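Going by the working numbering, the first residue of the sequence shown is number 85, and it counts up by one from there.
Just so you know, even glycine gets a beta-carbon here, dropped at the ideal spot from N, CA and C.
Computed from a predicted structure; not experimentally measured.
Contents: one structure, followed by commentary.
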Amino acid sequence: MDPGTDVDHVLQALGNVGRYQKFQLSMLFVFMLENAFHLIAANYISYRPDYNCKSVNATELIYNHYKSASNLSDIYVKYGKCEIDINANGTEYKFSQSCPNGYEYDIPTDRSTVTEWNLVCEGSARSELAQTMIMLGQAVGAAIFSPLSDRYGRRPINILSRSLYLIAGVTAMFSPSIAVFSVFRLLIGTFQGGSVMTGTTMCVELLPTEFRHKGEGLAFLAWTFGIVFTSVVGYICQNLPWRYFQMILGLLSWHVVFDWLFLDESLRWLLANGKTKQAMKIIKKAASWNNQSFESVMESVKKKQPLTSMELVIQTPEKPESNGDHQPLEGNGTAEVKQKVHKYSAFTILKHKKILIVSVLLWVIWITNTLTYYGLMLMTSKLAGDRYLNNILGALAEVPAIILQQLIINRIGRRYVLVMYHGLAGVTLIASSLCFTYSKQYDWLTPLSTFFSILGRFAAVGSFSSVFLYTPELYPTNLRNVGLGMASTISRIGSMISPFAATLADQVFWGPAVIFAVLNIICTIMLLTLPETMGRPLPTTVQQMKAWFKDKKLFDVRWPKHYRNRKEMSNNS
């Protein structure tokens, strides 16, 4: 059988989700929690409060503006957000001017980057730049760290990106200007992007096929609770300068030190790359943690497949022999059989037509997900109320979506779960937009707009969580993180476009809703052209990935046979 099946046999023999797996997952959960910190922190450290122009000496301004002015009377000053209107002597002296003395805010100036650097009116675009930079950084990080983790391992690249994430997060508090702060946001996003990609892959690869959706769901729950945690910390720190809040969020990543000591490499990656000695050490360690003997684990694996085909170490007193692609390594009277490993890169996707077609379809789905998710987030941001509470409630709405996804994704399959969530997201976005638009005429539509907005976020997160699981399952082992990374990188197009939805809505109120709905409908059609991965061993080679599509009809809307015979299929695999 293929190497991917061998790893499942090992993981099953170790006990599926034993004490060792739970410990590793708990470490991954904690670090996935922190990935949401700096992304959602912009709602607090870059908060834009109510503001107006500071008071001015109107007489002095009039004399400066009109050199010949005299005998001033009935001076009237109207203070706006971005300019003041001055009128004296009726209409004889009348003019407007941008706030000459700056702005006054309803919070202390050190509470936000906006208030400290006066990023309002003409400077408001610079405030948005910082958030744009972190989104751009996520794309850069996914593009850089994903292929590195496929080549050098999940663990070292994950720990490296998280260590740099810690350093950048703390150092950002010393930013002297918005330009420097934006650079740090770019770096934070880059390291966060690498951490998310490698961490999600490690969660999925830690568990056997029938449980891997739980690892992906755990990663998304960590993200959700990370948003809640950040909102709670933000509420506690609301009377502190934003720099202290930035420092606290950065220091909360300190536990990466423990990962250097206790987090193990992905067993699936080790075996796929011929790292048999390291794999054997982890198998022995996991067996000990799960109260099983190493010999019984290996005996259980042998019954399903010969040990040599797993690329595991074979101990033999005889002199090793070389045979074809197998290269013997001698030492202490033993031989290690090591199978030749194919290395893949992003060019592999571009080189193979079928893989490229699948990738393009996935990229469209990812872009739609980010565009829809952040579009719905804009709808949620329009809700009245406390911003801390709104963020907490919005994040908590994601929890039932992930729970429902976990309950049904191994019952009806990845594709149909995605179809369900995409359809629901499109419908609720249209409903929320329409209700919000007509709420001024009909008051009873206001609560409905809020309801559809929350339901839309529910659907968008369910779709996001599902595509995170579905995408890496379509690629072979050494191309898995490259495929996931490219999809994540390209999806940032959607997240960067989404802020312009509000601008479009000002001109054509139904425009964003129609665009999002059409994209989601397109995704439902495209998903039916892709293979179902539920219950199948993960592909380990490009040839295995291609083989899936030879049996696949273009539009397969039938209930897949393996849904009804999962037990039989699992036994045959």
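DSSP places K369 in the uninterrupted alpha helix (DSSP H) bounded by 360-373. P560 and T197 have their C-alpha atoms roughly 44 Å apart. Inclusion of A479 and T308 in the CB contact set at 8 Å is warranted, their separation being smaller than that value. Considering only N494, N453, G334, the residue with the shortest C-alpha distance to E616 is N494.
Taking 3 residues as the minimum length, the beta strand (DSSP E) runs contained wholly in the region 137-206 are 160-163, 167-172, 177-182, 187-189, in order along the chain. The beta-carbon distance between L455 and F548, rounded to whole angstroms, is 11 Å. This is too long to meet the 8 Å contact definition. Per DSSP, reduced to three states, the secondary structure at Y554 is helical. Two segments are said to touch when three or more pairs of C-beta atoms, one from each, lie closer than 8 Å; by this definition the region 114-132 does not touch the region 348-355. T143 counts as exposed, since fewer than 16 other C-beta atoms from the protein chains shown sit within 10 angstroms of its C-beta. By the Cβ criterion, the region 529-545 is not in contact with the region 187-195, since fewer than three pairs of Cβ atoms, one from each stretch, lie closer than 8 Å. Taking one beta carbon from each stretch, the region 471-486 and the region 540-559 have 3 or more pairs nearer than 8 Å; the two touch. Ranked by Cα distance from V340, the options E200, R576, I243 are led by I243.
Taking a contact to require three or more Cβ pairs closer than 8 Å, the region 111-120 and the region 303-322 qualify as touching. Taking C-beta atoms as the reference points, L250 and Q105 fail to come closer than 8 Å.
Here S247 has V340 as same chain residues with Cβ atoms under 8 Å from its own Cβ, once five neighbours each way along the sequence are excluded.
Here the alpha carbons of S575 and L351 stand approximately 29 Å from one another. Collapsing the DSSP output to three states places Y559 in coil.
DSSP places N475 inside the alpha helix (DSSP H), whose first and last residues are 471-480. Boundaries of the alpha helix (DSSP H) around C519: 498-522. When DSSP reads this structure, Y135 sits in a beta bridge with Y189. In its chain, beyond the 5 residues on either side, no residue has a beta carbon closer than 6 Å to the beta carbon of I332. Ranking Y177, V140, W201 by CA distance to the CA of G164 puts V140 first.
Here the alpha carbons of F121 and I311 stand approximately 7 Å from one another. Straight across, the Cα-Cα distance linking L553 with P292 is about 13 Å. The straight-line gap separating the alpha-carbon atoms of V483 and L302 is approximately 11 Å.
Between the C-alpha atoms of S182 and H436 there is a straight-line separation of about 58 Å. The continuous alpha helix (DSSP H) containing I243 extends over residues 238-255. Counting only residues of its own chain and dropping the five nearest sequence neighbours on each side, C205 has a CB closer than 6 Å to the CB of C166. For the 8 Å CB-CB criterion, G569 and S230 form a contact. Assigned with DSSP and collapsed to three states, T530 falls in helix. Pairing E188 with N136 gives a Cβ-Cβ distance under 8 Å. Around the beta carbon of N375, fewer than 16 other beta carbons lie within 10 angstroms, which makes this residue exposed.
In this structure, the straight-line span from the alpha carbon of Y505 to that of I366 is close to 38 Å. One Cα belongs to L324, the other to I262, and the distance between them is close to 19 Å. In the three-state reduction of the DSSP assignment, T625 falls in the coil class, being assigned neither a helical nor a strand state. Counted as a single uninterrupted DSSP element, the alpha helix (DSSP H) harbouring D343 occupies residues 340-346.
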